[in-house]
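**Q** Residues -5 to 611 (this note's numbering) are what the sequence shown spells out, left to right.
Even for Gly, the Cβ is constructed at its ideal location relative to N, Cα and C.
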Amino acid sequence: MTAQRLQLTWYNKDKALIPTETGKYGYTWVDPSDPRYCETHTLVLDDYVQGSQTPKSDEFAYSERADLEPQDDNLLILGESGDVLEALTRVPELAEKYVGKVKLIYIDPPFNTAQTFASYEDNLEHSIWLTMMRDRLHHMKKLLADDGSIWVHLDDVEVHRMRVLMDEVFGADRFVAEMQWQKTYSPENRSVISHSNDTILVYCLNQERFKAVRNLLPRSDAQNLVYQNPDDDPRGRWRPSDFTAQFNPAENERESQRYTLTTLAGLSFDPPSGRCWLYTKDRYLELLEDNRVWFGASGQGAPQLKRFLSEVMQGRVPTTWWPHEEVGHSQEGKKEILSLFPGQQPFSTPKPERLLERVITIGSNPGDIVLDVFAGSGTTAAVAQKMGRRWVTCELLESTFTTFTRPRLEKVLNDQDPGGITRTKGERVDATEDGLPDGVSPEDAAKFTSVLNKLIKDDPELKKSVEVKTLKAASKTRRTKEVLNWRGGGGFQVAHLSPACFDYAPELDRVMLTAAATGQTLIESVTANLGFTLLHPDDDYIFDARRGNALLKVVEGVATTEIVDWLASQIQPGETIVLAATTVMDGVRQHLRKLVKGSRVVALPDDVFRYSEGGDQ
């Protein structure tokens, strides 16, 4: 039996959307069979942007990331996200490269907050918004690798509907987590309740495969600080952990783990009521011999297991709470944009690079493909580039594309973007003569010194006192060299969507060619919409595209029996012909079918979409 899924319902859910105007957020409802919706646009390649990597300098320290090979197989597209996704999934050349191969998708779509932003009209009606997102999610699902994940960033307005929608598209069993990002660090006093966080929904295609490949986060200094070495164990720092475990007598009495434990000092211990020892007696004796059991500094305490830092997981499992101290906040994102574009009005909702760094760290590895179809200022692509990932991104608004997205990514490639995750402050380290006290981190010592200086700032006598000088000496720290994580380099292809070649008049139920449908534009459009792979013909090759053993020829004009005869003379045994022409003379279809079995004629524009759906002509 097929598992039942909870589904949303909304006005015109069975309809599709097409843009009302190129380059703007505005849509109208149409039937899903409408050629204006069904048309697949191709990508028009404009130019390629190549960056240069800055040589290393003694001024800085460099992370491992700075030595990654800069990626140059990246794609920046000007165009509507739905049409871009359609191209990536349906144009054969693009589908071969991207379908099932995108490791991480992060999108920050219009929040539908009924606000007018500087760069977007973010006021889409709920049903329009849901239809728009549903259609794009279906395409993104096709692009996602089997071990990949999709991260959808929203606020309170639509996140609950999006959760159900993603359950519908991906399946409720593909849900991974709801990440909560602390986007602000101070309350908004004008609000009834100040909203301090956004939600990032995470889904995957395969839970087990995603769990196997998702990355851990770096361990924090605070996590490492709990590991000490009070007994100078040559294996390094360790922390004590409980030597007992719970058990249920009704299920298993654990007799082998309930015994009187004798220490080296001759003390005896029994496990507490309702608990047993963590290991059997034989295993305890082995651990004791290996100096892995701790009885306190006095040797008189209850047993504890020594867990060594070198043996624990070399990273931390991601959690759902992302505080601004770790991943940045909205103001940090705005400052990053302002530093790149002084004097420009910043976006209302830019995301800090540290936030995307965490997403990309968890969900991908160097060389993987990262996709974002709502580029905005280009943060996702910028961070992906700095982290050695390949990326594909698109932006609808030409003003945003030319003012922010492309220039920012060019700056990244040319090492003209020192902000964000490009640089990391040097590590704060111990600068005392005898070392900091156990349990005191360099960060703790620095905070102590800062507070101490504030307390004595108005007391010259205290500043000179031996006690204060002693405290400062005992808490002295310094920072190491600034660390560079990115030195520029790599490149990206700039492209835009091809113009529409097909129009439709619903009142006449008639498909028409547009003024743009001519020359190479027409050839590429027909090729993509019929599902053929474009050929790169030389002087001796006359067909435009191929699909298996079928060869396509697009004729902007009249298809005649003479053309059919000529084409038939150019094919090899076993090959068939698809002839697409703007005018078809009587008898040409029958002549081609008789001459080359399995061949057919496609009349432009009427037959294109019937053909692509498998209809007989």
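Distance, Cα to Cα, I544 vs R157?
**A** A small fix is needed here, since residue 544 is Ala in this sequence, not Ile. C-alpha separation (whole angstroms): 43 Å.
**Q** What's the call for W315, buried or exposed, on a 16-neighbour Cβ count within 10 Å?
**A** When all chains shown are included, W315 counts as exposed.
**Q** Excluding the 5 residues flanking A10 on each side, which residues of the same chain have their C-beta closer than 6 Å to its C-beta?
**A** Answer for A10: V24, P26, Y31, listed in chain order.
**Q** Give me the Cα-Cα distance between D167 and L131, rounded to the nearest whole angstrom.
**A** So the two alpha carbons sit approximately 16 Å from each other.
**Q** Relative to the C-alpha of Q298, which candidate in E249, F237, R348 has its C-alpha closest?
**A** For Q298, the nearest C-alpha among the options comes from F237.
**Q** What did DSSP end up calling L332 once you bin it into helix, strand or coil?
**A** Helix, per DSSP.
**Q** If you pair each beta-carbon of the stretch 76 to 95 with each one of the stretch 496 to 504, do three or more pairs fall below 8 Å?
**A** Not touching, per the Cβ criterion.
**Q** Could you name the residues of the same chain whose beta carbon sits closer than 6 Å to that of L465, not counting the 5 residues immediately before and after it, in chain order?
**A** Nothing listed; no residue qualifies.
**Q** I need the straight-line Cα distance from D225 to F54, nearest angstrom please.
**A** In a straight line, the C-alpha of D225 is about 37 Å away from that of F54.
**Q** Does the Cβ of N218 have 16 or more other Cβ atoms within 10 Å, making it buried, or fewer, making it exposed?
**A** The residue in question, N218, is exposed, as its Cβ has fewer than 16 Cβ neighbours within 10 Å.
**Q** Specify the secondary structure class of Q222 as computed by DSSP and reduced to three states.
**A** Residue state, collapsed to three classes: strand.
**Q** Would you tell me roughly how many angstroms separate the C-alpha atoms of V488 and V38, rounded to the nearest one?
**A** Approximately 9 Å between the Cα atoms of the pair.
**Q** Pairs of beta-carbons, one from the stretch 142 to 151 and one from the stretch 188 to 204, closer than 8 Å: are there three or more?
**A** Result yes; three or more Cβ-Cβ pairs closer than 8 Å.
**Q** Please report the distance separating the alpha-carbon of G513 from that of T387.
**A** Whole-angstrom Cα-Cα distance: 28 Å.
**Q** Using a Cβ-Cβ cutoff of less than 7 Å, which residues in the same chain neighbour C270 once the five nearest sequence positions on both sides are dropped?
**A** Once the five neighbours on either side are set aside, the close Cβ partners of C270 are T238, A239, F241, R248, Q251, R252.
**Q** Which residue's Cα is closest to the Cα of Q176: G429, T577, L589, G322?
**A** For Q176, the nearest C-alpha among the options comes from G322.
**Q** Would you kindly work out how many angstroms separate the C-alpha atoms of Y100 and D141, rounded to a whole number?
**A** Answer to the nearest angstrom: the Cα atoms are 15 Å apart.
**Q** What residue range does the alpha helix (DSSP H) around A206 cover?
**A** From DSSP, the alpha helix (DSSP H) with A206 extends over 201 to 207.
**Q** Roughly how far, in whole angstroms, is the beta-carbon of V602 from the beta-carbon of V548, given that I think they are within contact range, below 8 Å?
**A** Not quite, the Cβ-Cβ distance comes to about 11 Å (not below 8 Å), so this is no contact.
**Q** Rounded to a whole number of angstroms, what is the C-alpha to C-alpha distance between H490 and F335?
**A** Roughly 24 Å separates the two Cα atoms.
**Q** Taking the DSSP output, what are the residues bridged to Q298?
**A** DSSP output for Q298 lists D236, W288 as bridge partner(s).
**Q** Contact criterion: CB-CB distance below 8 Å. Does G484 meet it with respect to chain C?
**A** The structure shown contains no chain C; it holds only a single protein chain.
**Q** Taking buried to mean at least 16 other C-beta atoms within 10 Å of its own C-beta, is D276 buried or exposed?
**A** Under this definition D276 is an exposed residue.
**Q** Mind checking who L491 pairs with in its DSSP beta bridge?
**A** For L491, which the question treats as bridged, DSSP gives the partners L37.
**Q** Under a three-way DSSP split, which group does T257 fall into?
**A** Three-state DSSP puts T257 in coil, outside helix and strand.
**Q** Please state if the CB of G268 and the CB of L98 are separated by a distance shorter than 8 Å.
**A** No; because the gap between Cβ atoms is not below 8 Å, this pair is not in contact.
**Q** In angstroms, rounded to a whole number, what distance separates the CA positions of E283 and Y273?
**A** Their Cα atoms are separated by approximately 14 Å.
**Q** In this structure, does DSSP put G142 in helix, strand or coil?
**A** In the structure shown, G142 sits in a strand (DSSP, three-state: E or B).
**Q** Could you tell me whether the stretch 426 to 436 touches the stretch 467 to 484, using the rule of 3 or more Cβ pairs below 8 Å?
**A** A contact exists between the stretch 426 to 436 and the stretch 467 to 484.
**Q** If you follow the alpha helix (DSSP H) that N6 is part of, which residue opens it and which one closes it?
**A** No alpha helix (DSSP H) holds N6; DSSP gives it neither H nor E.
**Q** Taking the alpha-carbon of R587 as reference, which of I571, I536, M160 has the nearest alpha-carbon?
**A** For the residues I571, I536, M160, the minimum Cα distance to R587 belongs to I571.
**Q** Cβ of Y221 within 8 Å of Cβ of R229?
**A** Not closer than 8 Å, so no.
**Q** In the DSSP output, which residue or residues are listed as bridge partners for F169?
**A** Y197, per the DSSP bridge assignment.
**Q** What are the start and end residues of the beta strand (DSSP E) that includes Y21?
**A** Here the beta strand (DSSP E) through Y21 covers 21 to 24.
**Q** Taking 8 Å as the cut-off, does the stretch 396 to 412 touch the stretch 370 to 383 (at least 3 CB pairs, one atom from each stretch)?
**A** Touching, yes, given that three or more Cβ pairs across the two stretches are closer than 8 Å.
**Q** Can you give, in chain order, each stretch of the alpha helix (DSSP H) that sits fully within the stretch 360 to 448 and has at least 4 residues?
**A** As far as the stretch 360 to 448 is concerned, its whole alpha helix (DSSP H) runs of at least 4 residues are 373 to 380, 400 to 407.
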